[in-house]
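S.K.:
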Amino acid sequence: MAKITYREALNQAMCQEMERDDRVFLMGEEVAQYNGAYKVSQGMLDKFGPRRVIDTPITELGFAGLGVGAAMAGLRPVIEFMTWNFAILAADQIVNAAAKMKYMTGGQYDCPMVFRGAGGAAARVSSQHSQAFENWYANIPGLKVVMPSNPADAKGLLAASIRDNDTVIFIENEINYGDVGEVPEGEYIIPLGKAEIKRVGKDITLIAHSRMTGYALMAAEELAKMGIDAEVVDPRTIRPLDEATILASVAKTNRAVVIEEGWRFAGIGAEISARIMEKAFDDLDAPVVRVTGKDVPMPYAANLERHALPSVAEIVEAARVTCNRA
Amino acid sequence: MKKEPLAFLVVESQAHRHSSHPSLGIGDVMTTKKSTDKNQDKQAGITQEGRFYSADRLHAMHDMMLFIRRFEEKAGQMYGLKKIGGFCHLCNGQEAVCVGMEEASEPTDYMMTSYRDHGHILARGSDATAIMAELLGRAGGIVGGKGGSMHMFDVTKNFAGGNGIVGEQVPIGIGFAFASQYRDDKRVSITIMGDGGVNQGAVYESFNMAALWKLPVVFVIENNQYAMGTSLSRASAETHLYKRGISFKVPGIQVDGMDVLEVERKMAEAIEHARSGQGPIIVEMMTYRYRGHSMSDPATYRTRDEVDEWRTGRDPIARLQLQMIAAGLATEEEFKQKDKDIKKEVNDVAKAAEAQPEPDLSVMWDDILNDEIPNAYPYPRQVG
Ligand SMILES: Cc1ncc(C[n+]2csc(CCOP(=O)(O)OP(=O)(O)O)c2C)c(N)n1
Ligand SMILES: [Mg+2]
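As you go down the protein sequences, you meet chains A and B in turn.
Position one of the first sequence corresponds to residue 31 (this note's numbering), numbered consecutively onward.
Position one of the second sequence corresponds to residue 486 (this note's numbering), numbered consecutively onward.
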């Protein structure tokens, strides 16, 4: 296995799928000549040419809709949003068109496509550029929501998302783009809807996705020093959720902390903890606790930003308190 | 005949001087110095296209442009030192647009723009220390350290940002114009967007509504030729952006955005058009950003020659200096001294801003709602 970055892994997945399927194309702002605002599509214009790697004007609603139409007409668009903050302009096409198309046409039309780009908080970019929207899309029947937390998952999950016959919301993380990890060479697919246990433990289950998976793993190391053996579960696909893996872990540890970078109210943690309560109430020795971003728009100042985001220390503290409860 | 290169005063510190660049014609410059007048300097000035600019006013415009230039350079330095974080978009090269536009407007007129906002808010007269403090994320920042480079706002100056989503301020701008029309208070909304932003769908919805209801708005397109790494012609089928309003019956004019006097003059006409009830108008400012899109952009998508042509051939500050010298309103020496003074002023601003503390942590919870509802979840100012 080669060690490559998260961004290179995404690039490999797209190249792999474009090589095997001519219907797949990449479209978005700065994806071609500039090689991607975050260099995810580095070299793809050279490799595939302007027919398949296409720069757009700054018109999110328009090119998202173009993607929907192209998918309905039989192509396999990969539509890149420079970040998910800008996809809000395209929400109509994603939510009202792509997500509903199969249903409201009685199955006549499909929308097999991927909307992808950077989500979550970036560094010091204030309120409009640091937001987690996975819960918005995860609320919508007709969509699948996928969020990789490391380079290998980035490759395997993106390839699976492109092959998937439905609309996939693929949310990357800007801060993770430079992360390096071992990634299988050649064709590599991770089935959607499968969580992964990133660390095996017996005392408490930490459930975290995207960048927070790394935080949970760091917290687990801290907890180990205190004699608490944490298991870390990364759902990887947010919708549909592999609750069997989560519930099996909780059945073993009897305690859970759910971590997400986004806001607490109606967040992903709310859904996961509700499922644990509904399905594993008798397994629990303590209430499920959530660690989330603070309920504020992201501030710019370095100290305020640090304060607004979840921290490893907060995860450690939540786990410690949960473990100390009878 | 070969003329002096324009940037002989090297106002752009990274400028490469090319003696092959022709200087801009200054044939339209005419001194109006009345040699008989006792108080000569007060009466001195330049008349361009029939519009008189007094020496004082010219100096003020020049000083503000130079201040913006040096302020941006300082911001770039501070970014390099990691004192400023995130996205930081400088406006070097575009100073004439900021200053000329401000000169043509009334303080009561509304103005809003994108994230490339430092120059506009400085020209508007907001406190430079508060702006630098914002860049540094300090307590005395113009929005308390919450917004940073992209979100400069000053309600006391009728400056409504500082908007980070491309195109977002355009419908907001017609909202301000609507309020003005509604109250009949004759304020004009100066709504600024980029050559990339002009392609957003909401811009055309705005053109249509503004024309339909004759809203007092001037749509300013800062055409600096690029949207990030995308040149105008790679993103726009119609590259004459002032024509973009044709099918909405919004008239448009094109302006040399490197000439502060032309910007002032044409903008004054456009504002008068909007203020007098004739509805919206588009002003396309032909300009150029000398630096990359943001601090992380090496701008390899354009040639050195292209950048040099604008920097040393058309620089707005050098151009005004040349005009003022030709008109006998200042000397090269005076401009050099002024530059030293302004650099010092900017350094003092930076020092004062840096001396400020970071915001108090409790500030994080401020300004989310006006009417907090205390006993309902999510509880105000609380975790969990
Ligand atoms: C809706 C939206 N899409 C994409 C971006 C990312 N982005 C920021 S600036 C920019 C280019 C804008 O260019 P232009 O309108 O010409 O303004 P300039 O930067 O040249 O002042 C892009 C694509 C954004 N902020 N908002
Ligand atoms: Mg531009």
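From the three backbone atoms N, C-alpha and C, an ideal C-beta is built for every residue, glycine too.
Model, not experiment: these values are computed from the prediction.
(1) Could you tell me which of Ile-234(A), Pro-270(A), Met-44(A), Met-31(A) sits nearest to Gly-147(A), measuring between CA atoms?
(2) Would you list the one or two residues that DSSP bridges to Leu-56(A)?
(3) From Tyr-786(B) to Gly-777(B), what distance separates their C-alpha atoms?
(4) Which residues in chain B have a C-beta closer than 8 Å to the C-beta of Gln-63(A)? List them in chain order.
(5) Got a sec, what are the start and stop residues for the alpha helix (DSSP H) Asn-333(A) sits in?
(6) Taking the C-alpha atoms as reference points, what is the distance between Asp-851(B) and Glu-843(B)?
(7) Give me the Cβ distance between Ala-792(B) and Lys-559(B), rounded to the nearest whole Å; I'm assuming they're in contact under 8 Å.
(8) Excluding sequence positions up to five away, which residues of its chain have a Cβ less than 8 Å from the Cβ of Lys-232(A)?
(9) Mind pulling the chain A residues with CB within less than 7 Å of Lys-671(B)?
(10) So with Cβ pairs under 7 Å, would you call Ser-279(A) a contact of chain B?
(11) Just checking Phe-692(B) against ligand 1 - is the residue's beta carbon closer than 6 Å to any of the ligand's heavy atoms?
(12) Specify the secondary structure class of Trp-698(B) as computed by DSSP and reduced to three states.
(13) Which stretch, first to last residue, makes up the alpha helix (DSSP H) that contains Glu-49(A)?
(14) If I follow the unbroken alpha helix (DSSP H) through Tyr-538(B), where does it start and stop?
(15) Report the neighbours of Gln-666(B) on chain A: residues whose CB is nearer than 8 Å to its CB, in chain order.
(16) With 7 Å as the C-beta to C-beta threshold (strictly closer), list the residues of the region 680–706 of chain B near chain A in chain order.
(17) To the nearest angstrom, how far is it from the Cα of Ile-627(B) to the Cα of Ser-847(B)?
(18) Counting only beta-carbon separations shorter than 7 Å, does Ala-250(A) have a partner in chain B?
(19) From this set, Ile-298(A), Ser-191(A), Thr-89(A), which residue's C-alpha is nearest Met-242(A)'s C-alpha?
(20) Looking only at C-alpha atoms, which of Ala-811(B), Phe-733(B), Glu-707(B) sits nearest to Ala-695(B)?
(21) On a CA-only basis, which of Ile-738(B), Tyr-689(B), Val-683(B), Ala-838(B) is nearest Lys-751(B)? Give me that one, please.
(22) Please list the residues of the region 142–167 of chain A that have a C-beta atom closer than 8 Å to any C-beta atom in chain B, keeping them in chain order.
(23) Taking C-beta pairs closer than 7 Å, name the residues in chain B that Gly-92(A) reaches, listed in chain order.
(24) Taking DSSP as the reference, what is the three-state secondary structure of Val-628(B)?
(25) Using a Cβ-Cβ cutoff of less than 7 Å, which residues in the same chain neighbour Gln-72(A) once the five nearest sequence positions on both sides are dropped?
(26) Quick one, which of Gly-658(B), Gly-630(B), Ile-553(B) has its alpha-carbon nearest Leu-327(A)'s?
(27) On the criterion of 16 or more Cβ atoms from any shown chain inside 10 Å, does Asn-169(A) qualify as buried, or is it exposed?
(28) Would you mind reading off the limits of the beta strand (DSSP E) that contains Tyr-595(B)?
(29) When you compare only the Cα positions, how much space is there between Asp-790(B) and Gly-578(B)?
(30) Would you mind telling me which residues of chain B sit closer than 7 Å to Ile-170(A), beta carbon to beta carbon, in chain order?
(31) The region 820–853 of chain B: which residues have C-beta closer than 8 Å to a C-beta of chain A, in chain order?
(32) Alpha carbon to alpha carbon, how far is Glu-769(B) from Val-346(A)?
(33) Which class does Arg-146(A) belong to by DSSP, given the choice of helix, strand or coil?
(34) Using DSSP bridges, identify the partner residues of Gln-533(B).
(35) Could you tell me the alpha carbon to alpha carbon distance between Gly-869(B) and Arg-294(A), rounded to whole angstroms?
(36) Could you tell me which chain B residues have their CB closer than 7 Å to the CB of Val-326(A), listed as they occur along the chain?
M.R.: Well, looking at it:
(1) Met-44(A)
(2) Val-83(A), Val-108(A)
(3) 10 Å
(4) Gly-714, Thr-715, Arg-719, Tyr-786
(5) 332–338
(6) 15 Å
(7) Position check: residue 792(B) holds Val in this sequence, whereas Ala was assumed. Contact doesn't hold; Cβ gap of about 21 Å is too wide.
(8) Asp-259, Glu-261, Lys-282, Thr-283
(9) Simply none; closest approach about 32 Å.
(10) no
(11) no
(12) coil
(13) 36–50
(14) From DSSP, Tyr-538(B) is part of no alpha helix (DSSP H) but of the beta strand (DSSP E) over 536–539.
(15) Under the 8 Å cutoff, chain A gives no residues; its nearest Cβ is about 27 Å from Gln-666(B).
(16) Gly-681, Gly-682, Asn-684, Gln-685, Gly-686
(17) 17 Å
(18) no
(19) Ile-298(A)
(20) Phe-733(B)
(21) Ile-738(B)
(22) Ala-152, Ala-153, Arg-154, Val-155, Ser-156, Ser-157, Gln-158, His-159
(23) Gly-686
(24) coil
(25) Asn-41, Asn-65, Gly-66
(26) According to the sequence as given, residue 327(A) is Pro; it is not Leu. Among Gly-658(B), Gly-630(B), Ile-553(B), the Cα nearest to that of Pro-327(A) belongs to Gly-630(B).
(27) exposed
(28) 595–599
(29) 15 Å
(30) Correct list: empty, because the minimum Cβ distance to chain B is about 22 Å.
(31) Glu-843, Pro-844, Leu-846, Val-848, Met-849, Trp-850, Ile-853
(32) 55 Å
(33) strand
(34) Arg-536(B)
(35) 8 Å
(36) Met-849, Trp-850, Ile-853
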